[in-house]
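Numbering (my numbering), first residue to last: 31 to 254.
Think of the CB as a built atom: it goes at the ideal place given N, C-alpha and C, for glycine as much as any other residue.
Take a look at the structure set out below.
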């Protein structure tokens, strides 16, 4: 009799809070389980929490679309093989990795739904523990800017710099537009500290520094 290994065999010991992992912790989990390129792909398509992953039938479907994006092209090369006819074949291990993980997560969800009382008790314990350990962190986040406010602050700095340097560069209509000349990426890490990078249209990714917990874009100016 042939032995059939369960597809979720390698995911028997998922973290108890795996279904509610946010942001940084979610991507760390994906890096550990699947790999760095897979984590970058999910971030690229804005899948940043476990629940979003469960709602997507196939994250790799994005590669079937006719999208002109340098970062996606790089990920396609890392996650697939280039065929002689210039098409790409996604590596079987990459495809099966996503399928296996999603099935394991769905099984985890079904288990929790079958035992709501136990799940509620565990949630209460986790909430109490997190509250006792992270109160200072939560207070720090409350007193800081939101992601949208951080982004507005950074974009205003870039706009102001363009206005001030228009005459120096002798360019009457000089301006830098997000989505065309650069891509701004801002997020909170696990300690609620804002982290930011900016990707120039030349492809270079630049880490942005902070001053008094506010994003500064001087590193981007130096690159220009």
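- Counting along the chain, residue 225 sits inside the beta strand (DSSP E) bounded by residues 224-230.
- In this structure the stretch 66-76 touches the stretch 101-108; the number of beta carbon pairs closer than 8 Å is three or more.
- Taken atom to atom, the span from the alpha-carbon of residue 94 to that of residue 253 is near 34 Å.
- Checking the DSSP bridge columns, you'll see residue 119 partnered with 111.
- Contact between residue 128 and residue 90 holds, with the beta-carbon distance rounding to 7 Å and staying under 8 Å.
- Comparing alpha carbon positions, the residue from 115, 65, 59 closest to residue 80 is 59.
- Secondary structure note for residue 236: its beta strand (DSSP E) is the uninterrupted segment 235-237.
- The bridge partners DSSP lists for residue 73 come to none.
- Residue 57: member of the alpha helix (DSSP H) spanning 53-63, first to last residue.
- Here the alpha carbons of residue 104 and residue 242 stand approximately 35 Å from one another.
- Distance from residue 212 to residue 229 at the Cβ level is roughly 6 Å; contact confirmed, criterion being Cβ atoms closer than 8 Å.
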